[in-house]
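K.L.:
Read top to bottom, the protein sequences are chains R and B. Residue numbers for the first sequence follow our numbering, beginning at 11 and rising by one. Residue numbers for the second sequence follow our numbering, beginning at 48 and rising by one. My questions will all concern the structure given below.
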Amino acid sequence: MSIRNGLLALLEDGAMYGYQLRAEFEARTGATWPLNIGQVYTTLGRLERDGLVVPVESGDDDDGYRRYALTPAGRDEVTGWFHTPVARGAPPRDELAIKLALALTVPGVDVNDVVRTQRTSTVRTLQDYTRLKVRADESGDLAWLLVLDSLVFQAEAEIRWLDHCESRLARFADRPSPTRTGARQPAAERIPVRR
Amino acid sequence: MTTSGTDLVLELREVTRVHGGGANAVHALRGVSIQVWAGELVAIMGPSGSGKSTLLTLAGGLDEPSEGAVLVEGRDLGTLSRSELAAVRRRQVGYVFQDFNLIPALTAAENVALPRELDGMSARRARREAVRALAEVDLHDLADRFPEDMSGGQQQRVAIARALIGDRRLVLADEPTGALDSTTGEAVLRLLRARCDAGAGGVLVTHEARHAAWADRVIFLRDGVIVDETGPPAQVESLLGLGAEQ
């Protein structure tokens, strides 16, 4: 889980207060995924329970906040995290894919229109990311640049997929009609029949 | 940013281009209107066969529209004589191609100086301008290298220097990052972007969204027709929630 591992990774630099962790996390990932302080303390509590962090003795500040440090087990956890690929697992629910799938079957909806509107909007987002990249490059903020690159490539992938959908739809429209009604046939007919 | 006070560098007015005739007529472009202002980079996106390359050849005066008009810095190309048109192509329009199109027997500086020499400028003066243009694309050290001794990215920078030497304010780029890896390609786009920020008007034809995103406006072409367009830039400060605190 990214917050948990993210906080542990930050503590590699030395003991920190919860509010410091929050600020560092946001600063180092370009404030793309803001954390609320409640999440930080809840996560620290769980990490302490699991023996991955410990409060530093006499580390309280004037307001009574505690500083946390990594335990050896916590350090192992960080190393393990960086050396293990992120699992993709089951695809997360994708509103756009669901919308397109439904647009095919809901009467009165022009799928091509849905594709076109989305593509223009995503290209606009991509333009905005690119402008942010120019700035990040000027300020030499490498961590922020990498996060932006990730957003750029994800947006690009969506646009390529939309282009692909468009040409698939065009090809489909040229075909004789039988398969076209396929989507509306009972599901049983679309599943291989067991004999 | 586009404001009515700046100069119109390129204008396509209701441009149609038909190849062939009768039943075999192919409409490459149908009634396309585009305006490109000084300081602006406009991307044309579309799949192959959408008409984007036709659009670029018309904009550069390399082909004529079947209907409509193409104006470069206010001059209707259709009203010009052959030699006037050639002069516009030489002096006002710069081209950047996917495969760079540098002359292998000439050094970087000679390649860049060539359009100026063809225009009657003395070799010495043309070279001086070329070296300056190469410095603007960070290639001052490589002025005397031949294309084959340069990387793809360096060659494309030479091509951009050549496209913008002199007073030319319209640069037309056809998939300029085609054969380059992603970071080198990005450097080329960054450069193109910078040249437009410095006052040139640019048209970038591409099928890659990541490249088109460097433009101020992206125009979507399908089957010879503009189907959509992104508007002027949003305020990037409002992006990503906390981005403004950066």
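Glycine is no exception: its CB is placed at the ideal position from the N, C-alpha and C atoms.
Name the two residues that bound the continuous alpha helix (DSSP H) containing Q30(R).
P.N.:
As a position in the first sequence, residue 30(R) is number 20, starting the count at 1. Per DSSP, Q30(R) belongs to the alpha helix (DSSP H) from 28-38.
K.L.:
So with Cβ pairs under 8 Å, would you call S177(R) a contact of chain B?
P.N.:
Along the first sequence, one-based indexing puts residue 177(R) at 167. At least one chain B Cβ lies under 8 Å of S177(R).
K.L.:
Thinking C-alpha only, which one of T81(R), V133(R), R141(R) is nearest R237(B)?
P.N.:
For the purposes of this step, residue 237(B) is identified with residue 190 of the second sequence, where counting begins at 1. Nearest C-alpha to R237(B): R141(R).
K.L.:
Identify, in the order they occur along the chain, each residue of the same chain with its Cβ nearer than 7 Å to the Cβ of Q201(B), setting aside the five sequence neighbours on each side.
P.N.:
Locating residue 201(B) in the second sequence gives position 154, counting from the first residue. These residues qualify, in order along the chain: L186, L189.
K.L.:
Between P202(R) and chain B, is there a C-beta pair that is closer than 8 Å?
P.N.:
Translated into positions along the first sequence, residue 202(R) becomes position 192. Because P202(R) carries a pLDDT of 48, less than 50, the predicted location of this residue cannot be relied on, and the following value inherits that uncertainty. No, because no Cβ of chain B sits closer than 8 Å to the Cβ of P202(R).
K.L.:
Do you know whose CA, among G86(B), L217(B), I81(B), G167(B), lies nearest S245(B)'s CA?
P.N.:
Start at 1 with the first residue of the second sequence, and residue 245(B) comes out as number 198. The residue asked about is misnamed: residue 245(B) is Ala in this sequence, not Ser. That would be G86(B), whose Cα lies nearest to the Cα of A245(B).
K.L.:
Do N158(B) and V205(B) come within 8 Å of each other at the CB atom, strictly closer than that value?
P.N.:
Here residue 205(B) corresponds to residue number 158 of the second sequence, with the count starting at 1. Here residue 158(B) corresponds to residue number 111 of the second sequence, with the count starting at 1. The answer is yes: Cβ separation under 8 Å.
K.L.:
Would you say W84(B) faces chain R, with C-beta separation under 8 Å as the test?
P.N.:
Locating residue 84(B) in the second sequence gives position 37, counting from the first residue. So no, W84(B) is outside the interface.
K.L.:
List the residues of chain R whose Cβ lies closer than 9 Å to the Cβ of R257(B), in chain order.
P.N.:
Counting from one through the second sequence, the residue named residue 257(B) turns up at place 210. L136, T140, V162, F163, A165, E166, I169, listed in chain order.
K.L.:
Compute the distance between the beta-carbons of R62(B) and A72(B), then report whether it is under 8 Å.
P.N.:
Along the second sequence, one-based indexing puts residue 62(B) at 15. Along the second sequence, one-based indexing puts residue 72(B) at 25. The sequence given here has Val at residue 62(B), not Arg. No, Cβ-Cβ distance for V62(B) and A72(B) is not below 8 Å.
K.L.:
Less than 8 Å between CB atoms is the rule here; does T277(B) satisfy it with respect to chain R?
P.N.:
Counted from its first residue, the second sequence places residue 277(B) at position 230. T277(B) counts as touching chain R.
K.L.:
With DSSP as the reference, identify every bridge partner of V65(B), one or two as the case may be.
P.N.:
The count along the second sequence starts at 1 and reaches residue 65(B) at position 18. Looking at the DSSP assignment, V65(B) forms a beta bridge with H74(B).
K.L.:
Counting contacts by CB-CB distance shorter than 8 Å, is D184(R) in contact with chain B?
P.N.:
The residue labelled residue 184(R) in the question sits at position 174 within the first sequence. With 8 Å as the cut-off, D184(R) does not count as an interface residue toward chain B.
K.L.:
Measuring only between beta-carbons, confirm whether R38(R) sits less than 8 Å from chain B.
P.N.:
To locate residue 38(R), count along the first sequence from 1; it is residue 28. Chain B contact via Cβ: absent.
K.L.:
Which runs of the alpha helix (DSSP H) spanning at least 4 residues fall entirely within the stretch 116-192 of chain R, listed in chain order?
P.N.:
Qualifying alpha helix (DSSP H) stretches, in chain order: 121-149, 152-184.
K.L.:
Let me know the secondary structure DSSP gives Q145(B) once reduced to three states.
P.N.:
Along the second sequence, one-based indexing puts residue 145(B) at 98. It is coil, neither helix nor strand.
K.L.:
Whole angstroms is fine: what's the gap from V66(R)'s alpha carbon to G28(R)'s?
P.N.:
Walking along the first sequence from the start, residue 66(R) turns up at place 56. Walking along the first sequence from the start, residue 28(R) turns up at place 18. Whole-angstrom Cα-Cα distance: 12 Å.
K.L.:
Is there a Cβ from chain B that is less than 8 Å from the Cβ of D173(R)?
P.N.:
As a position in the first sequence, residue 173(R) is number 163, starting the count at 1. D173(R) counts as touching chain B.
K.L.:
Residues in the same chain with beta-carbon distance under 8 Å from Q164(R), minus the five sequence neighbours each way, listed in chain order, please.
P.N.:
Numbered from its first residue, the first sequence carries residue 164(R) at position 154. Answer for Q164(R): no residue qualifies.
K.L.:
Any C-beta of chain R sitting closer than 8 Å to the C-beta of A247(B)?
P.N.:
Position 200 of the second sequence, counted from the start, is the residue given in the question as residue 247(B). With 8 Å as the cut-off, A247(B) does not count as an interface residue toward chain R.
K.L.:
Taking the alpha-carbon positions, what's the V144(R) to T115(R) distance?
P.N.:
To locate residue 144(R), count along the first sequence from 1; it is residue 134. To locate residue 115(R), count along the first sequence from 1; it is residue 105. Computed Cα separation, rounded: 42 Å.
K.L.:
In the stretch 69-136 of chain B, which residue ranges form an unbroken alpha helix (DSSP H) of at least 4 residues, counting only runs that do not cross its ends?
P.N.:
With a minimum length of 4 residues, the continuous alpha helix (DSSP H) runs that stay inside the stretch 69-136 of chain B are 99-106.
K.L.:
Counting beta carbon pairs with one atom in the stretch 130-140 of chain R and one in the stretch 249-267 of chain B, are three or more of them shorter than 8 Å?
P.N.:
In short, these stretches touch, since the Cβ pair count reaches three.
K.L.:
Can you tell me which residues form a DSSP beta bridge with E276(B)?
P.N.:
Position 229 of the second sequence, counted from the first residue, corresponds to residue 276(B). Its beta-bridge partners are I266(B).
K.L.:
Along the chain, where does the beta strand (DSSP E) that runs through L217(B) open and close?
P.N.:
Along the second sequence, read from residue 1 onward, the residue named residue 217(B) stands at position 170. Segment 217-221, the beta strand (DSSP E) holding L217(B).
K.L.:
Suppose only complete runs of 4+ residues qualify. What are the alpha helix (DSSP H) ranges in the stretch 176-246 of chain B, listed by chain order?
P.N.:
Fully enclosed alpha helix (DSSP H) runs of 4 or longer: 199-211, 229-244.
K.L.:
Given a threshold of 16 other Cβ atoms within 10 Å of its Cβ, counted over all protein chains shown, does V96(R) qualify as buried or as exposed?
P.N.:
Along the first sequence, read from residue 1 onward, the residue named residue 96(R) stands at position 86. Answer is exposed; the Cβ neighbour count stays below 16.
K.L.:
Is there at least one Cβ from chain R nearer than 8 Å to P112(B)'s Cβ?
P.N.:
Within the second sequence, residue 112(B) is the residue found at index 65, counting from 1. Chain R contact via Cβ: absent.
K.L.:
In chain B, what lies closer than 7 Å to V133(R) by C-beta?
P.N.:
On the first sequence, position 123 is the one that residue 133(R) refers to. The contacting residues are A256, A259, A260, V265, T277.
K.L.:
If you compare alpha carbons, which of A133(B), V119(B), G225(B), D228(B) is closest to I54(B)?
P.N.:
Here residue 54(B) is taken as the residue at index 7 of the second sequence, counted from 1. In the sequence as presented, Ile is not what sits at residue 54(B); that position holds Asp. For D54(B), the nearest C-alpha among the options comes from V119(B).
K.L.:
Along the chain, where does the alpha helix (DSSP H) containing A256(B) start, and where does it finish?
P.N.:
The sequence position of residue 256(B) within the second sequence is 209, counting from 1. Counting along the chain, the alpha helix (DSSP H) containing A256(B) begins and ends at 256-259.
K.L.:
Quick one: is V235(B) near chain R, going by C-beta distance under 8 Å?
P.N.:
Within the second sequence, residue 235(B) is the residue found at index 188, counting from 1. No, no contact with chain R.
K.L.:
What three-state label does DSSP hand E58(B) in the structure shown?
P.N.:
Looking up residue 58(B) in the second sequence gives position 11. Reduced to three states, the DSSP call for E58(B) is strand.
K.L.:
In the DSSP assignment, what are the bridge partners of P65(R)?
P.N.:
As a first step, residue 65(R) is located in the first sequence; it is residue number 55 there, counting from the start. DSSP output for P65(R) lists Y78(R) as bridge partner(s).
K.L.:
Just the chain R side, please: which residues come within less than 8 Å of V274(B) by C-beta, in chain order?
P.N.:
On the second sequence, position 227 is the one that residue 274(B) refers to. R126, listed in chain order.
K.L.:
Enumerate in chain order the residues of its own chain whose CB-to-CB distance from V274(B) is below 8 Å, with the five nearest sequence positions on each side excluded.
P.N.:
Here residue 274(B) refers to the residue found at position 227 of the second sequence. Excluding sequence neighbours, V274(B) sits near F267, L268.
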